[in-house]
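Please read the structure below before turning to the comments.
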Amino acid sequence: MLAMAALWPGTPVVEAQSPANAEANVIRVAPSGSDVPGCGSATLPCRSIAFAVNQAASGDEIRVAAGTYQNTGPDAPCAFLIDAVVCVNSKSLTLRGGFSTSNWSSPNPSANPTIIDGQNTYRGVNVFRANRLTMEGFIIQNGRAVPDPGDPNAFGGGMSAIESVLTLRDMTFRNNQAVGPNTGSDRGGAGAGGALAIRLSPAGTSSTLERVTFENNTSLGGNSAGRGGFAFGAVFIYASSVNIANCTFTGNRALAGSGGSGIGGDGLRADALGGAIALEGGAVALLSGVQASNNEAVGGNGSQYGGGAFGAGLMSEDSTFTVVDSQFRSNVARGGNGASDGGLAGGGGILAFNSNARIERVQVIANRLFGGNASSGGTAGTGGGGGLYLWRARPDAPAVNEVINTIVADNSLEMGQGRNVGGGGGGIQVQGLTANLNHVTLARNRLGPGLMVGQALVVVQAPGVSATTANLSHSIVANHTAETSGATAIVVLQGNTLNMNRVLFAGNTSNLNTNFVPLPPGTINGLNTVINAGSAGFVSPGAPDYNYRITLNSPAVDQAIGSGTSHDFEMQSRPDGQAHDLGADELGTNEPPPSDPSALPEKVYIPIATR
3 MLAMAALWPG TPVVEAQSPA NAEANVIRVA PSGSDVPGCG SATLPCRSIA
53 FAVNQAASGD EIRVAAGTYQ NTGPDAPCAF LIDAVVCVNS KSLTLRGGFS
103 TSNWSSPNPS ANPTIIDGQN TYRGVNVFRA NRLTMEGFII QNGRAVPDPG
153 DPNAFGGGMS AIESVLTLRD MTFRNNQAVG PNTGSDRGGA GAGGALAIRL
203 SPAGTSSTLE RVTFENNTSL GGNSAGRGGF AFGAVFIYAS SVNIANCTFT
253 GNRALAGSGG SGIGGDGLRA DALGGAIALE GGAVALLSGV QASNNEAVGG
303 NGSQYGGGAF GAGLMSEDST FTVVDSQFRS NVARGGNGAS DGGLAGGGGI
353 LAFNSNARIE RVQVIANRLF GGNASSGGTA GTGGGGGLYL WRARPDAPAV
403 NEVINTIVAD NSLEMGQGRN VGGGGGGIQV QGLTANLNHV TLARNRLGPG
453 LMVGQALVVV QAPGVSATTA NLSHSIVANH TAETSGATAI VVLQGNTLNM
503 NRVLFAGNTS NLNTNFVPLP PGTINGLNTV INAGSAGFVS PGAPDYNYRI
553 TLNSPAVDQA IGSGTSHDFE MQSRPDGQAH DLGADELGTN EPPPSDPSAL
603 PEKVYIPIAT R
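Under my numbering, the first residue of the sequence shown is numbered 3, with each subsequent residue one higher.
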């Protein structure tokens with residue numbers, strides 16, 4: 003179902019040129035300046051960023067005063083006939099915004115907004131074989147990427163970087179687009195990285211994004227006579243390493259194309275892959291302090307088959323990622339429509355597909371999945387993993403994923419219209435691998451009408467690949483109320499295994515499918531370590547607070563006997579009492595209230611109540 007298209011030819015990764023000058027030169031740019039040879043001084047700044055870049059040598063710094071900078075035609079020459087407001091080719095440069103013409107030494111981007119504007123016509127910034135490009139204090143807006151010459155797909159509406167290394171700090175990408183073309187062939191062109199695309203970075207290097215805001219960027223797949231084009235997240239990372247720290251993703255969309263039957267000659271559907279972030283082709287990513295909310299992935303429509311929608315917050319395919327101290331909230335994945343078969347939806351918060359995944363100290367809250375619609379005789383779109391979907395579909399893919407000190411709560415899955423073929427995992431779906439779930443709080447996850455298989459967790463095999471094992475330790479499973487008779491909090495399908503160690507069940511309509519409802523069980527171990535209670539003792543579960551810290555009277559207190567985990571989801575030390583507490587939170591006398599984010603460092607404190 004998920005498959006990486008040939009989005010970039012097999013070009014060898016080439017190291018960019020080394021800096022040409024050992025001593026950095028400073029070039030200044032202001033709207034009041036003039037693009038003449040020798041410009042760049044405080045008294046005679048250049049007028050356009052593009053002209054300054056052309057004059058610069060590797061190692062130079064360009065300081066840009068407040069203003070809006072647009073395409074200047076011949077002053078912005080790009081490789082391969084690409085149009086952009088700014089092009090950096092084979093140079094290592096530092097670009098800093100936020101200056102004023104009266105102060106060229108101390109930037110203040112808030113007081114002096116410095117905008118690169120693509121006018122909904124041009125890409126904002128194009129980077130090719132830059133050994134190191136540093137940009138700080140810019141807003142990149144209204145960029146538009148269409149396919150580059152020789153490529154059927156569109157990448158990086160705000161910025162595209164190929165065979166390059168980036169450092170981006172204190173920036174905003176807003177209202178940018180990567181627009182895959184409509185075609186007359188059997189598939190539409192893909193749109194990837196509505197805001198930013200980083201591809202084929204040199205081996206052994208890593209790009210860095212710090213305090214960058216991504217808002218209202220869109221990736222659009224093109225339409226065709228066979229199937230629509232893929233759409234990949236606002237940030238698209240391909241065969242590159244990246245560190246993403248303290249970044250915010252809000253209102254970004256991946257909208258796959260439509261048309262034809264919905265299946266192309268390649269046998270694939272029009273899938274949307276990652277509303278906020280998409281990792282592909284061996285990418286390696288470390289995400290810390292990330293907040294992703296209200297992002298959307300929408301599969302394309304076909305006359306017969308709807309496209310899938312996967313990983314509305316984060317989608318990883320054939321890649322490696324670690325995400326820590328982060329929150330994925332209120333993201334939506336929606337399958338496309340098709341008369342015979344509605345599209346699937348998976349991973350409302352995060353989808354790890356054939357990937358090496360570690361998820362630690364993360365809140366996955368109130369994300370939603372909607373299967374695509376079919377006709378009355380067709381198969382309804384369904385899905386799995388309203389919060390997390392951990393999925394291996396190849397025997398050679400990574401076999402173990404880790405989830406630690408994580409809250410998975412208030413996520414949901416609903417079928418589309420059509421014939422019910424099931425689906426499940428309102429909170430988490432694990433398929434084809436071993437998932438180690440340690441100190442996880444699973445609460446109030448939901449399956450819509452007609453669905454019964456695992457409101458909190460479903461453990462299901464991947465046919466032809468592997469049976470599945472979920473190791474659930476020192477965790478809480480609470481407040482899963484059935485909307486359909488027979489719905490059960492945890493369902494382990496036959497041939498698969500659940501190993502439990504000190505798990506609290508509280509307030510669920512039904513805990514486990516040990517009674518063969520809704521389906522016969524696989525192997526379930528550790529029943530003698532289970533704790534049952536009427537209430538988990540959360541502070542303020544559900545909307546609007548979503549506060550899944552535990553109270554003094556919680557039956558989870560001091561019950562995680564044997565745990566070796568040193569901290570909870572807010573980096574509070576464990577244990578605080580006689581023994582560790584169950585779930586993601588450790589009750590403690592020094593625990594910060596929701597209104598006191600200063601009690602912990604900004605990097606690790608993600609408010610559990612986001613209004």
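No residue lacks a Cβ here, since even glycine has one placed at the ideal position from N, Cα and C.
Original post:
Below 8 Å, can you find three or more Cβ-Cβ pairs linking the stretch 398–418 to the stretch 353–365?
Top reply: yes
**OP:** Measure the Cβ-Cβ separation of ASP327 and THR381 and say whether it is below 7 Å.
**Re:** Looking up residue 327 in the sequence shown gives position 325. Looking up residue 381 in the sequence shown gives position 379. No, the Cβ-Cβ distance between ASP327 and THR381 is not below 7 Å.
**OP:** Report yes or no: do the stretch 557–574 and the stretch 513–524 share at least 3 C-beta pairs separated by less than 8 Å?
**Re:** no
**OP:** Identify, in the order they occur along the chain, each residue of the same chain with its Cβ nearer than 6 Å to the Cβ of THR324, setting aside the five sequence neighbours on each side.
**Re:** Here residue 324 refers to the residue found at position 322 of the sequence shown. Closer than 6 Å at Cβ, skipping near neighbours: LEU288 and ARG360.
Original post:
Under the DSSP definition of a beta bridge, which residues are partnered with VAL148?
Top reply: Taking the sequence shown and counting its residues from 1, the one referred to as residue 148 is at position 146. DSSP lists no partner for VAL148.
**OP:** Assign LEU222 to buried or exposed, taking buried as 16 or more other Cβ atoms, counted over all protein chains shown, within 10 Å of its Cβ.
**Re:** Position 220 of the sequence shown, counting from 1, holds the residue named residue 222. Buried, because 16 or more other Cβ atoms sit within 10 Å of the Cβ of LEU222.
Subject >> Given ASN440 as reference, the closest of SER475, GLY456, SER414 and PRO465 once Cα atoms are compared >> reply: For the purposes of this step, residue 440 is taken as the residue at position 438 of the sequence shown. The option with the nearest alpha carbon to ASN440 is SER475.
Subject >> Inter-stretch contact (C-beta, 8 Å, three-pair minimum) for the stretch 120–129 and the stretch 142–159 >> reply: yes
Subject >> THR384 - partner residues in DSSP beta bridges >> reply: Position 382 of the sequence shown holds residue 384. Paired residues: none, contrary to the question.
Subject >> Sheet register partners of GLU217 (DSSP bridge) >> reply: Along the sequence shown, read from residue 1 onward, the residue named residue 217 stands at position 215. Answer is ARG176 and THR252.
**OP:** Could you tell me if ALA199 is buried or exposed, where buried requires 16 or more neighbouring beta carbons within 10 angstroms of its beta carbon?
**Re:** Along the sequence shown, one-based indexing puts residue 199 at 197. Buried, because 16 or more other Cβ atoms sit within 10 Å of the Cβ of ALA199.
Original post:
Where does ALA205 land, buried or exposed, given buried means 16+ other C-beta within 10 angstroms?
Top reply: In the sequence shown, counting from the first residue as 1, residue 205 sits at position 203. The residue in question, ALA205, is exposed, as its Cβ has fewer than 16 Cβ neighbours within 10 Å.
Original post:
Does the Cβ of ASN534 have 16 or more other Cβ atoms within 10 Å, making it buried, or fewer, making it exposed?
Top reply: Sequence index remark: in the sequence shown, residue 534 carries index 532 (1-based). Result: exposed.
Subject >> Own chain residues within Cβ distance below 7 Å of SER208, not counting five before or after >> reply: Start at 1 with the first residue of the sequence shown, and residue 208 comes out as number 206. Result list for SER208: SER243, VAL244 and ASN245, in chain order.
Original post:
Which stretch, first to last residue, makes up the alpha helix (DSSP H) that contains ASN55?
Top reply: For this step, residue 55 is matched to residue 53 along the sequence shown. Checking the sequence, you will find Val at residue 55 rather than Asn. From DSSP, the alpha helix (DSSP H) with VAL55 extends over 51–57.
**OP:** Specify the secondary structure class of THR169 as computed by DSSP and reduced to three states.
**Re:** Taking the first residue of the sequence shown as 1, we reach residue 169 at position 167. Strand, per DSSP.
**OP:** Pick helix, strand or coil for THR486, following the three-state DSSP scheme.
**Re:** Start at 1 with the first residue of the sequence shown, and residue 486 comes out as number 484. It is coil, neither helix nor strand.
Subject >> C-beta contact flag for GLY235 and GLY190 at 7 Å >> reply: Here residue 235 corresponds to residue number 233 of the sequence shown, with the count starting at 1. Here residue 190 corresponds to residue number 188 of the sequence shown, with the count starting at 1. No. Outside cutoff.
**OP:** With a cut-off of 8 Å on the beta carbons, I'd call GLY338 and GLY308 a contact; round off their distance for me.
**Re:** Locating residue 338 in the sequence shown gives position 336, counting from the first residue. Locating residue 308 in the sequence shown gives position 306, counting from the first residue. Correct: roughly 3 Å between the Cβ atoms.
**OP:** Please report how far the alpha carbon of ASN23 lies from the alpha carbon of LEU371, in whole angstroms.
**Re:** To locate residue 23, count along the sequence shown from 1; it is residue 21. To locate residue 371, count along the sequence shown from 1; it is residue 369. With a pLDDT of 36 at ASN23, under the threshold of 50, the modelled position of that residue is not reliable, and the figure given next carries that caveat. Computed Cα separation, rounded: 53 Å.
Subject >> Under the three-state DSSP convention, the category THR529 falls into >> reply: Counting from one through the sequence shown, the residue named residue 529 turns up at place 527. A quick correction: the sequence has Leu, not Thr, at residue 529. Three-state result, LEU529: helix.
**OP:** Within 10 angstroms of the Cβ of LEU554, are there 16 or more other Cβ atoms? Answer buried if so, exposed if not.
**Re:** Residue 554 sits at position 552 when you count from the first residue of the sequence shown. So LEU554 counts as exposed.
Original post:
Are the stretch 490–505 and the stretch 454–470 touching by the rule of at least three beta carbon pairs closer than 8 Å?
Top reply: yes
**OP:** Flag this pair as touching only if the stretch 132–139 and the stretch 174–192 have three or more C-beta atom pairs under 8 Å; answer yes or no.
**Re:** no
Subject >> Ordered list of beta strand (DSSP E) runs contained in the stretch 393–468, each at least 3 residues >> reply: 402–411, 414–416, 430–433, 436–445 and 455–462
**OP:** Output yes or no for whether 7 Å exceeds the beta carbon distance between GLY428 and LEU415.
**Re:** Taking the first residue of the sequence shown as 1, we reach residue 428 at position 426. Taking the first residue of the sequence shown as 1, we reach residue 415 at position 413. Their beta carbons are under 7 Å apart, which means GLY428 touches LEU415 by this criterion.
Original post:
Looking only at C-alpha atoms, which of GLY182, ALA480 and ALA44 sits nearest to ALA538?
Top reply: As a position in the sequence shown, residue 538 is number 536, starting the count at 1. If we check each option's Cα against that of ALA538, ALA480 comes out closest.
Subject >> Exposure label - PRO523; buried when at least 16 CB within 10 Å >> reply: To locate residue 523, count along the sequence shown from 1; it is residue 521. By the neighbour-count rule (16 or more Cβ atoms within 10 Å), PRO523 is buried.
**OP:** For the beta strand (DSSP E) containing THR136, list its first residue and its last residue.
**Re:** Taking the sequence shown and counting its residues from 1, the one referred to as residue 136 is at position 134. Segment 135–138, the beta strand (DSSP E) holding THR136.
**OP:** Using the Cα positions of THR220 and ASN333, report the straight-line distance between them to the nearest angstrom.
**Re:** Translated into positions along the sequence shown, residue 220 becomes position 218. Translated into positions along the sequence shown, residue 333 becomes position 331. Roughly 15 Å separates the two Cα atoms.
Original post:
Taking the alpha carbon of LEU584 as the point to measure from, which residue in PHE507, ASN128, THR103 and ASN549 has its own alpha carbon closest?
Top reply: Within the sequence shown, residue 584 is the residue found at index 582, counting from 1. Considering only alpha carbons, the answer is PHE507.
**OP:** Could you check if GLN431 is buried or exposed, using at least 16 other CB atoms within 10 Å of its CB as the buried criterion?
**Re:** Against the sequence shown, residue 431 aligns to sequence position 429. Its Cβ being crowded by 16 or more others within 10 Å, GLN431 is buried.
Subject >> Member of THR471, ARG98, ASN91 and ALA280 whose CA lies at the smallest distance from the CA of GLY527 >> reply: One-based indexing of the sequence shown puts residue 527 at position 525. The displayed chain sequence assigns Asn, not Gly, to residue 527. Minimum Cα distance to ASN527 is reached at THR471.
Subject >> Cβ contact (3+ pairs, closer than 8 Å) linking the stretch 390–398 and the stretch 445–455 >> reply: no
Subject >> Proximity of SER318 and LEU281 at Cβ, strictly below 7 Å >> reply: Here residue 318 refers to the residue found at position 316 when the sequence shown is read from its first residue. Here residue 281 refers to the residue found at position 279 when the sequence shown is read from its first residue. Yes, Cβ-Cβ distance for SER318 and LEU281 is below 7 Å.
**OP:** Compute the distance between the beta-carbons of ALA491 and ARG446, then report whether it is under 7 Å.
**Re:** On the sequence shown, residue 491 is found 489 positions in, with the first residue counted as 1. On the sequence shown, residue 446 is found 444 positions in, with the first residue counted as 1. Taking 7 Å as the Cβ cut-off, ALA491 and ARG446 do not qualify as a contacting pair.
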